[in-house]
Structure formats: C-alpha cells, structure tokens
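Here is the structure we will look at, set down as structure tokens.
There are 2 protein chains.
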Amino acid sequence: MQQIELNERKTKILNAIIRNYLETGEPVGSRTISKYTDLNLSSATIRNEMADLEELGYIVQPHTSAGRIPSDKGYRFYVDHLMEDKNREVNEMKQFVIEHTEKMEQILQQVAKVLATNTNYATMVSSPSYHRNKVKFIQLSLVDEDQLLAVIVTQSNLVKNKIINLSETIDNETLLKLNFLLNSNLNGLALEEINLATIAKLKEQAGMHGDIVSEVLDTVAETMGADEDIRIYTSGTTNLFKYPELSDSAEKASELISTFEEKRQLASLVTENLLNEESTGIQVYIGNESPIQTMKDCSVVTATYELGEGVRGTIGIVGPKRMDYEKVMDNLKVLKNSLDGILSKTRD
Amino acid sequence: MQQIELNERKTKILNAIIRNYLETGEPVGSRTISKYTDLNLSSATIRNEMADLEELGYIVQPHTSAGRIPSDKGYRFYVDHLMEDKNREVNEMKQFVIEHTEKMEQILQQVAKVLATNTNYATMVSSPSYHRNKVKFIQLSLVDEDQLLAVIVTQSNLVKNKIINLSETIDNETLLKLNFLLNSNLNGLALEEINLATIAKLKEQAGMHGDIVSEVLDTVAETMGADEDIRIYTSGTTNLFKYPELSDSAEKASELISTFEEKRQLASLVTENLLNEESTGIQVYIGNESPIQTMKDCSVVTATYELGEGVRGTIGIVGPKRMDYEKVMDNLKVLKNSLDGILSKTRD
DNA sequence: TGTTAGCACTCATTTAAATGGAGTGCTAAC
DNA sequence: GTTAGCACTCCATTTAAATGAGTGCTAACA
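Chains as they are written, first to last, in the numbering used here: chain A, 4 to 351; chain B, 4 to 351.
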C-alpha cells in the first residue's frame, strides 16, 4: 500500500535520510543527501522530494529551516520495508557466556548485560513465565518437629520450596500418605487443570490435614502461575545517556531510568508481548507505539524466547528512535536462539 | 581533641553553616549566618570566624568570593559531634510492609524501596550472607529416572535445591541410605566444620555414589558459603538526580547510576562492611572515605542487620554529602530493627 | 582586645545583543 | 523534469555588559 505513495526515487531518498540520521542524530539537509548518495540529483531536486515526503508524513522538520528527521511513520516504513535482513554469524562470545553460566537467573542477567554492551542501548530480559508447565514431583518432608518443607518440581525442572509451619504434630506415616496423595493427584497436571473439583477431592482425602494441602497448592500456584512473579533483569540503562535526545534534560533522563528501575511497567510490556503468540517473535515499538508513556521518544525491540515448551520470556532493547535496528535485531536473534530450548539442553 | 581546635562559638557557627547547607545546597555566606542565628554577631565577625574555620579545614570556598561549604572534615565533625540523635517513633507503615510481605527477596526489595521513598536518596540492601549458618536437613529424592533433587535446609530456614543428573540409575534403598548418611554426618555442622576428613569419610561410605555426595556438598557450600552470591537490591537511584551537585553533568550522573546498576562494586562495599563486626552497626562514609571511587561526592550510610545468628546483611543509603544525616540514620535504625531476628519471628 | 561598619574587589551567573551558518522555499532559466 | 540562485528563517554560538552575592581588609568604636 505504501508502495503506491512512494515511487522508487522517493524511497531511495527516504532511505538515505533515515540511514544518515541513524548515524549522526542530526537533522539531515538536502545538500547532504545530494552529495552523499549516488542518485546524482541536485539539492534543489532533493528539496522538492523532501517537501513531498514531509507532506506524506514520513519525515518532519524540527523547526523551519532545519533539516529533516524521520517521523514514527518513517521509521516504521524503514523497519518494514527498507531494512536489510542481514543474518550475521553467531557471536561465539555469547555462546560461551551462556554455556558456562550455571543458574538461570545469572544467565538472564548475563544476557541482558551482553546485549547492552554489544548494542549500547538499555536492555531488559524477563524471567520466563511458566505457562502451561506441568507438575512433575512433589515432596513434603519434616525438617523440624513443627516445620514442614514442601518442594515442587515442574517438568521443566523448575524447583520451588516453601516452609510450612505446623499447628499440630504429624507422624511419619501420615506424611507418606500425604506425599502419595499429592503426587498421584497432581503429577502431570498444568495449573489450569487443577480445578476446584480436584482441590476439593484432595482436601477431603487429606482429612484433618487439609490446611497443609492448601498451603502446598498455594505454592504450586505460585510456582506455575508466575505471571505476578515475573522478574525483569535490566542492564545498560545508563547507555541512554549517550543519546542527547533522550537525556538532554535531567528530568527526561531521570524519568526514563526510573522506568527501568521500577520494572513494574516493563513487566506489563513484557506480558503484553508474550500474549502475541504469532510473529517471528520480534516486535518493534516505535515511539508512541510503545505502551509505556515514558518511552515515547524511544524505540523498543523485543524478542520472545522459549526455554522449554510453554516456558517463555522476553528479551528487549530500548534505545533512541534512531537506533541501529539491524544490529539490534541481529543481536536479539542470536540470543534468542541461544536461549531457545536451553532447559532441555541442560539435561544431557 | 577537636574540642581544642574549636571553641564554642566556632562550633556554633560551623553547625549553622552545615545545617544551612544541608537544606539549601548552596554555599552559605556570612550574612546568612549572622541573620538567621541567635548569635547576634555581625557578618563581619562571622567572616573572621569563617576564615579561621577554613584555615582549620572544616569548610571550603568553591571559588573566591563565594560562600562556604562544609569539607569532608566538616561533615565528619558534624556527624560525630554536632548531630542530634533523635530516636523517633517507629514508622508503622514500614512494619506493615514487612509483616505482610512473604518472601525474603521481596522483603529486601521492599525495604530498599521504602527507604528510598522516605529519604529521597538512593538505597541498597544486600541479601544476607549466611555466615556460620548450620545444616539442619538434607534430602535427596528421585524426580525422574535419571534426575535427583537435592534439597538443603539450614537452621535459619534457608532452603536451596539442585537438580543432579545421574549417570547410572539408583534404587530406592540406596537413596535412603545416602539420605541417612548425609544427614547423620552433616546435620548441625557449619560450613567451616565440614573439613576434608568429613568429606573423605562421607565419600568412602557412599562407595560408588561418591559423585553424588560431591555434588551435594557443592550445593551445601553454595548455600552457606554465600559470599560470592551476595545479591544487592537497589532503589531510588534516580533520586540522585535531585541533587545538582551529583547530576549537573550527564557524565557524572551516568557514572553514579552505573555503579548502582553494576552492583558488583556495591557488593564489595557491603562485604567490607560486614567484616566490621563491632560498632553499633551504623557506619558513615563521607566523600573519599568511601571505598567506591565514583562516590567521592557522596556520603554513604550503612547499617548491618542480622536476621538470625550469623545471618547478616547490609542496608545502605547513598546521597549527596549534604544529606540529612539525622533522618537517614533514624530510618536505618527503624528498618534494621524490623529486620533483626525476622527469621526467628516467622517461626511462630 | 574583640567587634563592627564600610568599601573596593572578585567572580559566577544572568541577560542581551551580535554573528554565523545550515537549510529551506520559491522563481526563473535550461 | 531538473537545476542554479537568491532572499529569508531560525537555531546555536559567541561576545559583551549587567548583576549581585560574598569576601578581605582597614579603620573606628566600646
């Protein structure tokens, strides 16, 4: 559809404008374009075309007699049609990092960091939400006369535990029974499948120990419900200082960095993102397209990774609108690939 | 000793200067002091005294013909001798927060946040290091044909788990034996007490399953060694933007905030702090007294909390040198008290 | 001997004006 | 359809002047 609006020459000029602006961050004028492209057109001609492009909404003038900068629509066109999809080689360093870090948390933090160092933007990585994950194993053990330890393992090897304080003592035999009861009833079930009927049945069978069952179920829900418990790892937020358009006023910078510190808002963005099941997994939010108000001057690029079936999280990069989209996407792809299926990998 | 250097009048003037500067952040001149104190001295007299105070190193002039601001030495004198030690009432809000948050992590993050909101400075809270903590309970269970789950509980109810991949299968009886072996040998021991002899003995008794014992021991070490694994929760870093002397140049601000993001450096500060066993638990680092270079224009106030015996962490506040030391210390004390012994509290 | 008024001086900050230059829109000619 | 040329706009930077807070010093006073 946009093809109708823009002929080839206009497209070329728009492309040149955006690329130049991505590099310099300064409004670009007609003369620059005429000089540094192989179009062989005079600045005057370029000016005419630029006037058209402005009227069509692809570029704007920050003020009279300044050069042009891309509008959100311009960036969008660039991302959708102009950008080259280089599929560069995997950066071994990243592989290394991932293969040599042990714990999930550390991996994610590391990913955020690598990404930030690589791109010079701010990054965020959300902990996976364990959607549709299933219970594999439950165990209650007595660690003290009055304390019970509940351990829950999911099929993707996520482990959670909780200490339950007992009001009355409990003997070993009962404990065995409870363990059996829980395992036989819950194993193999996803959170959504644990319905009221199951719960009622369980409680009934547990008899006087219904309280304990309740607590265990809470922990199960917590382990797998997850949504509320999404963690966000961020890195490189101070990179944003490098882009004057984001940090010229202390207030602006402060607001933006606060958003990263708060994380709550980021979490909402991430959740929204996870719901978009389709797509190659890479999403681009330009300026106001982003659901987070404070990021109206930024672009956000996110990718969804999937550690195991149903265990998904998001990696995201936040930078100025004139970010190096190609590089950013490449990086995201690489890291996404490294993360995909990592849970199954650790098995061997 | 300083009492010899400073007579009462000088002390009063110094006090007035510092208090005024804490409020305004502007260099304070002789006229201001003469006007807004009950000393009833003319500005000229004050000027003479100020000249003396400057010579003694308590205050400095940022440039000729500017007012005076406190030097590090001045702040130090203030903190050590001048400051009032108001012991204000406990803020119920904080109590509420702590009593209603469940998980340790969340508590700590919450503490950081409350503190930041309350003081308008940047805050950090370190996760407790489990020094001298003892093993209470160990359990191995088979969660899959080829996967073993090791759960370790310490006396302060810290739980850690690890999935161990098996090379050969293992039958239930052996598992029971291993469990018994581990518990009978390790329970009640602190990390330092698990020496080579114990380990050798354990491995010997485990026979062909020495590998598993090794892995379990690793996890134990990890659970209690802790030092490497100190987590730092931060909040309110963007508060630092409120103080021009810290954020006038984007570079400065960026550096400082980076330090908070990195956390590695904070961790080192925290560790150093924990080693200072003595003291009421409140430490003040003014300017260059801080071991972190990027904080040379800041003051750092820290308190040590102790969740249970040997389970200690640090709460810290970072702000401009002209921070409201009284308020900061009060807040720290309150939160420290709330945290102290919290692990034992959850028992009832 | 300690205190104070007064004055000349310093220097960061604010305000205003001057300058330079990048870039545009438009027109007329090719 | 393309281009050269020119008048015009507006931002950014420089330059200069005005302001004002604050000091140090001296001389006079109690």
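Idealized CB from N, CA, C, for every residue including glycine.
- If you ignore the 5 residues before and after ASN198/B, its C-beta comes within less than 6 angstroms of no other C-beta in its own chain.
- When Cβ-Cβ separations below 8 angstroms define contact, ALA115/B makes no contact with chain A.
- Taking C-alpha positions only, MET127/A is separated from ILE215/A by approximately 38 angstroms.
- A residue is called buried once 16 or more other Cβ atoms fall within 10 Å of its Cβ, and ASN168/B, having fewer, is exposed.
- Segment contact: the region 42 to 53 of chain B against the region 255 to 266 of chain B, fewer than three CB-CB distances shorter than 8 angstroms; contact not assigned.
- A contact is defined here as three or more CB-CB pairs under 8 angstroms, and the region 139 to 150 of chain A fails this definition with respect to the region 240 to 249 of chain A.
- Beta-bridge partners of PRO323/B (DSSP): CYS301/B.
- With respect to chain B, the C-beta atom of THR122/A has no partner C-beta closer than 8 angstroms.
- Excluding residues up to 5 positions away in sequence, nothing lies with its Cβ nearer than 6 angstroms to the Cβ of ARG22/A in the same chain.
- Rounded to whole angstroms, the separation of the alpha carbons of VAL223/B and LYS137/B is 10 angstroms.
- Residue-level contact check: ALA253/A touches chain B, since one or more beta carbons of chain B fall below 8 angstroms from its beta carbon.
- A distance of 8 angstroms or more separates the beta carbons of LEU205/A and ASN186/A.
- According to the DSSP assignment, VAL128/B belongs to the beta strand (DSSP E) that extends over 125 to 129.
- By the 16-neighbour rule on beta-carbons within 10 angstroms, THR120/A is exposed.
- Using a Cβ distance threshold of 8 angstroms, ILE49/B and SER68/B do not count as a contacting pair.
- By the criterion of at least three beta-carbon pairs nearer than 8 angstroms, the region 264 to 272 of chain B is not in contact with the region 265 to 275 of chain A.
- Distance between MET298/B and LEU259/B, taken at the CA atoms: about 7 angstroms.
- In chain order, VAL146 and ASP147 make up the part of chain B whose C-beta sits under 8 angstroms from the C-beta of LYS139/A.
- Put simply, the CB of ASN186/A is far from chain B, with every gap to its CB atoms at 8 angstroms or more.
- For a cut-off of 8 angstroms, the C-beta gap from THR122/A to LYS324/A is around 15 angstroms, too long to register as a contact.
- Comparing alpha-carbon positions, the option among GLY319/B, GLY28/B, LEU151/B and TYR78/B lying closest to ALA125/B turns out to be GLY319/B.
- As a beta-bridge residue in DSSP terms, ASP147/A pairs with GLN150/A.
- Below the 7 angstroms Cβ cutoff, chain B contributes ILE166 as neighbours of ASN160/A, in chain order.
- According to DSSP, ARG71/A shares a beta bridge with VAL31/A.
- One thing to note: LEU310/B has its Cβ no nearer than 8 angstroms to the Cβ of VAL114/B.
- Exposure of LEU179/B is indicated by the presence of fewer than 16 other C-beta atoms within 10 angstroms of its C-beta.
- A Cβ-Cβ separation of about 12 angstroms leaves TYR78/A out of contact with SER293/A under the 8 angstroms criterion.
- Within 10 angstroms of the beta-carbon of LEU278/B lie fewer than 16 other beta-carbons, which makes it exposed.
- Taking C-beta atoms as the reference points, TYR308/B and ASP343/B count as a pair closer than 8 angstroms.
- LEU152/B sits close to VAL156/A, with the two beta carbons spaced by under 8 angstroms.
- Secondary structure at GLU309/B: strand, using DSSP grouped into helix, strand and coil.
- Not a single C-beta of chain A is nearer than 8 angstroms to the C-beta of GLN268/B.
- Contact annotation for PHE244/A against chain B: ALA253, GLU254, ALA256 and SER257 [CB-CB distance below 8 angstroms, chain order].
- Taking a Cβ-Cβ cut-off of 7 angstroms, ILE197/B has no neighbours in chain A, whose nearest Cβ is about 19 angstroms from it.
- Between the C-alpha atoms of SER129/B and GLN109/B there is a straight-line separation of about 12 angstroms.
- Note on TYR81/A: 16 or more other CB atoms within 10 angstroms of its CB, so buried under the neighbour-count rule.
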